[in-house]
Amino acid sequence: MANDSIEEAIAGLKQLLSEKGELEAVAKAKIEEITAELRGSVADGSVCPVERMKQGFSYFKTEKFEKNPELYGQLAKGQSPKFMVFACSDSRVCPSHILNFQPGEAFMVRNIANMVPPYDQNKYPGVGAAIEYAVLHLKVQYIVVIGHSCCGGIKGLMSIPDDGSTSTDFIEDWVKICLAARKKVKSDNNSLSFQEQCTECEKEAVNISLKNLLTYPFVRDGLMKKTLALKGGFYDFVNGSFELWGLNFSLTPSLSV
């Protein structure tokens, strides 16, 4: 019932705005502020999770889908994203939210600690299939690997015992993809605190993933032909900053025997 009341209040405020076009800017801004606060009360966790999804879709349909028929009409015919993005599964770092990607702009893969494993047809077919589809079929122009602050996956990587033993079924074996980043950080930054080392590793692991992308033949070919570029990114949600960088790779054409 409370949820229904909130939606009714929002609907009433929206109607007032549409009917009273002569409202002064201050009054109009205040009404929009109250509407946003009401929306926030729906999303603050006090609503049943299932209801939250229903309300979320209702908002999307009325405020985005129905207001952008041309965009969604084009998307119904196909997709042609310019970006492929590897990002963490962490609920705080949605790429579409922080980079304001619109539907159809980015083909995404999200996993623990935004890692890209090396080419392996047997061990990582899901990741390989995504990269192959993005590069060869969607013809993306950029592959971007985005790390982030306070990453639990990187903390797990940095916490693995030196003997390599694991205590989880999947997590530690997965983050070992970037063991080289852990080794480099521990070697180069021995005087730093554990938390500071984790911060360094959050960025260095991105570089390892970028290098792993070079093990995919179709990625290398795209780089050689200059139809594809690789970028590393880092989102710091503590300070609200975003970094973007590239690595200089010395590439030579693949040999065919």
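Each residue of the sequence shown is one higher than the one before, starting from 4 at the first, in our numbering. Note that CB positions come from ideal geometry on N, CA and C, so glycine has one too. Keep in mind the model is a prediction, meaning the values are calculated, not measured.
For D224, the secondary structure class from DSSP, reduced to helix, strand or coil, is helix. In the DSSP assignment, L141 is bridged to no other residue.
The alpha-carbon of H151 is positioned some 32 angstroms away from that of A79.
In this structure, the straight-line span from the alpha carbon of K142 to that of K85 is close to 8 angstroms. Cβ contact annotation for Q82 (same chain, cutoff 6 angstroms, sequence separation greater than five): G107, in chain order. Taking a C-beta distance under 8 angstroms as the contact criterion, V147 and F240 do not qualify as a contact pair.
Taken in chain order, the complete beta strand (DSSP E) segments of 3 or more residues contained in the stretch 191 to 239 are 232 to 239. Residue pairing from DSSP leaves F104 without any beta-bridge partner. With distances taken between CA atoms, L102 lies nearest to I149 out of I149, A208, K57. Beta-bridge pairing by DSSP links V88 to M111, V147. Annotated three-state conformation of F245 is strand, per DSSP.
Residue state for R185 is assigned as helix, using DSSP reduced to three classes. By the neighbour-count definition (other C-beta atoms within 10 Å, threshold 16), E203 is a buried residue.
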